[in-house]
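Written out below as structure tokens is the structure these notes cover.
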Amino acid sequence: MHPTQTPKTYRVKSFGCQMNVYDGDRMAELLAEQGIAPAPEGEDADLVVLNTCHIREKAAEKVYSDIGRLKREDGSSPLIAVAGCVAQAEGEEIMARAPSVKMVVGPQAYHRLPDMIREASEGRRVTDTDMPAETKFDALPRRRRSGPTAFLTVQEGCDKFCTYCVVPYTRGAEVSRPHADLIEEAKRLVEAGAREITLLGQNVNAWTGENARGQTIGLDGLIRELAQIADLARIRYTTSHPNDMTPGLIAAHGEIDKLMPFLHLPVQAGNDRVLKAMNRSHSAESYLKILEQVRAARPDIALSGDFIVGFPGETDAEFEDTLKLVDAVGYAQCFSFKYSPRPGTPAATMDEQVPLAVMDERLQRLQAALNRDQYAFNTATVGKTCTVLVERKGKLPGQWLGKSPWLQSVHFEADAQVGDLVEVEITSAGPNSLGAVVRMVAAA
Numbered sequence: 184m185h186p187t188q189t190p191k192t193y194r195v196k197s198f199g200c201q202m203n204v205y206d207g208d209r210m211a212e213l214l215a216e217q218g219i220a221p222a223p224e225g226e227d228a229d230l231v232v233l234n235t236c237h238i239r240e241k242a243a244e245k246v247y248s249d250i251g252r253l254k255r256e257d258g259s260s261p262l263i264a265v266a267g268c269v270a271q272a273e274g275e276e277i278m279a280r281a282p283s284v285k286m287v288v289g290p291q292a293y294h295r296l297p298d299m300i301r302e303a304s305e306g307r308r309v310t311d312t313d314m315p316a317e318t319k320f321d322a323l324p325r326r327r328r329s330g331p332t333a334f335l336t337v338q339e340g341c342d343k344f345c346t347y348c349v350v351p352y353t354r355g356a357e358v359s360r361p362h363a364d365l366i367e368e369a370k371r372l373v374e375a376g377a378r379e380i381t382l383l384g385q386n387v388n389a390w391t392g393e394n395a396r397g398q399t400i401g402l403d404g405l406i407r408e409l410a411q412i413a414d415l416a417r418i419r420y421t422t423s424h425p426n427d428m429t430p431g432l433i434a435a436h437g438e439i440d441k442l443m444p445f446l447h448l449p450v451q452a453g454n455d456r457v458l459k460a461m462n463r464s465h466s467a468e469s470y471l472k473i474l475e476q477v478r479a480a481r482p483d484i485a486l487s488g489d490f491i492v493g494f495p496g497e498t499d500a501e502f503e504d505t506l507k508l509v510d511a512v513g514y515a516q517c518f519s520f521k522y523s524p525r526p527g528t529p530a531a532t533m534d535e536q537v538p539l540a541v542m543d544e545r546l547q548r549l550q551a552a553l554n555r556d557q558y559a560f561n562t563a564t565v566g567k568t569c570t571v572l573v574e575r576k577g578k579l580p581g582q583w584l585g586k587s588p589w590l591q592s593v594h595f596e597a598d599a600q601v602g603d604l605v606e607v608e609i610t611s612a613g614p615n616s617l618g619a620v621v622r623m624v625a626a627a
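For the sequence shown, my numbering assigns the number 184 to the initial residue and increments by one for each residue that follows.
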């Protein structure tokens, strides 16, 4: 595309967390509203938005690799915008190192993309990493697109300042979106075809707002109101912090049928000294007590978490405490990572950085335990009857794929369509998915 031409097609590539997926979808809606069409599969796009994640290991270097791969055989490049958390943290460096990048836009400013594209199309290079939290949502298109599942960002930013984490610096302070805006957007998503909505936030259970009656409510109150939307069948939320698991939210898991029996509650480590060094503000014991309360409210709940191995100063004995916590919980699924320093975070300059070989060995042991428990959880569902939300076709003729209430992938054969709720009996279990036979189909 000639630098003075307005792009006709776009492609948004999102990396990392579900909030980036949500942001990528909103950018796509914003571009479509400007008359820019998604590029057909296999064809070059006039505009490429790299929606980056700073949590990825060596995130910045991977951005430069992605930028390099966009160069065409004739030496030209599309109009390139770098968005997301890497853009927020390293925007000036990106502009200095990558001349082919014409736009750098932070996660709170992407509603300005249309104006930035106009400037870039006139040959200027543009950066916007301001953080006017509410302005973004006010400026985004009201019309929503949706498949059977949808994300809805209800809260952004973080005030916890874990010593390994860049989120407070790239996403800003904790901000809750207004209650009325969320109810309205959820209804629009359901009207567009969503049967399941996952509420998103860096600390989603820190959400608070004022309802239509002027009462201050927390996430549990929001979930209770969303459950009143007739055609919304399922509600989930992620990611939570242990300190914000209120009694009301715990009780909601036992009282609201539409709230799925799944909780992602990161702990990061099982040793109290390490947790204190991470500034996690909870102990292993207090974390386990929360899980005990959640299980009392919803005995069949599937638990998920995050772990970091090799945090600076972590000893062999302290890592063994993490394995003990894993054994005590019995997670249905988990994410686990080797510690990697993030520029500007306190942990990056701590003494006693753990050698890579030690981290590798610890991660292998941790993942073996987590995989064992995930397979055990999956196996325990064999023989159960549950409802699966059909999300897409499988690889085999007549095969469909969907998610169980416990967020497991389930494959089955049926006369169904995307968006149907299918009652199945689980007949087989593997490490990462379940097989099932259909008992009944409820049309979308």
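All C-beta atoms, glycine included, are put in the ideal place defined by N, C-alpha and C.
What you are looking at is a predicted structure, and each value in this text was computed from that prediction instead of being measured.
Does the distance from the C-beta atom of residue i to that of residue j stay below 8 Å?
i	j	result
T421	Q201	yes
E501	V457	yes
T346	A222	no
Q582	S616	no
Y164	S487	What the structure shows of the chain is the stretch from 184 to 627, and residue 164 is not part of that stretch, so it cannot be assessed.
N234	G207	yes
R407	I439	yes
L296	L214	yes
A435	L442	yes
H237	A279	no
G258	N203	no
P444	R481	yes
L474	L506	no
V288	I277	no
V565	T498	no
G401	G437	no
A281	D313	no
F490	S466	no
G453	L508	yes
A479	W589	no
V284	V269	no
Determine the extent of the alpha helix (DSSP H) in which residue i is found, giving its start and end residues.
i	result
M314	Here M314 belongs to no alpha helix (DSSP H), and DSSP marks it neither H nor E.
D504	D499 to V512
Q476	A467 to A480
E438	P430 to E438
I219	No alpha helix (DSSP H) holds I219; DSSP gives it neither H nor E.
S304	L296 to S304
R371	H362 to E374
Quick one: what's got a C-beta closer than 7 Å to residue i's C-beta in the same chain, skipping five residues either side?
i	result
E216	P324
I412	A369, K370 and V373
S329	L372, A375, G376 and A377
Y205	F334, T336 and L383
V195	G207, M210, A211, V232 and N234
V350	C341 and Q385
R417	R378, E379, K441, M443 and L572
A303	L262, K285, M286 and V309
T429	G401 and D403
Y558	P614
Tell me, please, whether the CB atom of residue i is closer than 8 Å to any CB atom in chain C?
i	result
V571	Chain labels in this structure do not include chain C; a single protein chain is all it has.
Since residue i sits in a beta bridge, which residues does DSSP pair it with?
i	result
L579	The partner list for L579 (beta bridge, DSSP) is empty, contrary to what the question assumes.
V287	V265 and T310
G392	I400
G618	H594 and S611
N234	S197 and A266
T336	L383
F320	Paired residue(s): none; F320 is not in a bridge.
K586	L572 and S592
The beta strand (DSSP E) that contains residue i, what's its start and end?
i	result
F560	First-last for F560: L539 to A563, but that is the alpha helix (DSSP H), not the beta strand (DSSP E).
T610	L604 to A612
T353	Taken as a continuous stretch (DSSP letters only), T353 belongs to no beta strand (DSSP E), being part of the alpha helix (DSSP H) at V350 to T353.
I491	A485 to V492
E379	E379 to L383
L458	No beta strand (DSSP E) holds L458; the alpha helix (DSSP H) holding it covers D455 to A460.
I418	R417 to T421
Q516	Q516 to K521
L344	Before going further, note that residue 344 is Phe rather than Leu in the sequence given. It is not in any beta strand (DSSP E) - F344 carries neither H nor E in the DSSP assignment.
Excluding sequence positions up to five away, which residues of its chain have a Cβ less than 6 Å from the Cβ of residue i?
i	result
H294	K319, A322 and L323
P529	T346
D414	V373
Could you name the residues of the same chain whose beta carbon sits closer than 8 Å to that of residue i, not counting the 5 residues immediately before and after it, in chain order?
i	result
Q536	P495 and P524
A511	L471
N554	P614
A552	L506, V509 and D510
T562	A612
Requested in this report: Examine the Cβ distances between the region 608–622 and the region 565–578 and report whether three or more of them are shorter than 8 Å.
Outcome: yes
Requested in this report: For the region 407–425 and the region 442–452, state whether three or more C-beta atom pairs, one from each stretch, are separated by less than 8 Å.
Outcome: yes
**Report entry** Cβ contact check for the region 335–343 and the region 382–400: 3 or more pairs under 8 Å
**Finding:** yes
**Report entry** Contact between the region 541–553 and the region 595–610 (3+ Cβ pairs under 8 Å)
**Finding:** no
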